[in-house]
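Undergrad:
Residue numbers (the numbering used here): 1 to 199.
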């Protein structure tokens, strides 16, 4: 398989599904993609490439070693990989982009932990029919997240406590974020609210 056969694509006949690592290499040519190799030992395969005057297919027996990796099943960890992983953005409690939200809070609001201008979808307070409502997003793909509305009457004292508001609506969007809405009682002369996201 010498000459200018570049790129080369290797295929395994059986239609298996995992990736593999070639131990012994190819004498010439550049391998740019692997398809459907999932076992150790010698495998008969074929290479498709361009020999300079047209496409060419050749058969070969190659020695493969499948290298298993530990699967990542935690949705948060999968999300961090989109931004370079925890090596880049830090732990759940860190605020990599300095926008005032921790990485976990950015995840919970579907923000971008590397862009301080993208804080995700924030909660909203609105009035309807003489009543006040608080609506916040919550991820539809991670049941481990806990969204807690907290209230306080004095920001100096910071006496934050869980609100215990009445849930009045849940909007299932079929997308990353669903939305839940709570009724806000108007018995307090002043009331401050915040959303805490933990797991």
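All C-beta atoms, glycine included, are put in the ideal place defined by N, C-alpha and C.
Which class does residue 94 belong to by DSSP, given the choice of helix, strand or coil?
TA: Note: residue 94 maps to coil in three-state DSSP.
Undergrad: Over what stretch of residues does the alpha helix (DSSP H) that includes residue 86 continue unbroken?
TA: Its alpha helix (DSSP H) spans residues 86–89.
Undergrad: Give the straight-line distance between the Cα atoms of residue 181 and residue 87, rounded to the nearest whole angstrom.
TA: Computed Cα separation, rounded: 36 angstroms.
Undergrad: Which residues bound the beta strand (DSSP E) around residue 188?
TA: No beta strand (DSSP E) contains residue 188, which DSSP labels as neither H nor E.
Undergrad: Given a threshold of 16 other Cβ atoms within 10 Å of its Cβ, counted over all protein chains shown, does residue 102 qualify as buried or as exposed?
TA: So residue 102 ends up on the buried side.
Undergrad: Just how far apart, CA to CA, sit residue 176 and residue 145?
TA: One C-alpha to the other measures close to 13 angstroms.
Undergrad: Would the region 115–125 count as touching the region 133–143 if we require 3 or more Cβ pairs under 8 angstroms?
TA: Verdict: yes, contact present.
Undergrad: Evaluate the contact criterion for the region 180–198 versus the region 141–156: three or more CB pairs, one atom per stretch, below 8 angstroms.
TA: At 8 angstroms Cβ cutoff, the stretches touch.
Undergrad: How is residue 203 classed by DSSP in three states: helix, strand or coil?
TA: Any answer about residue 203 is impossible in this case: the structure gives the chain only from 1 up to 199.
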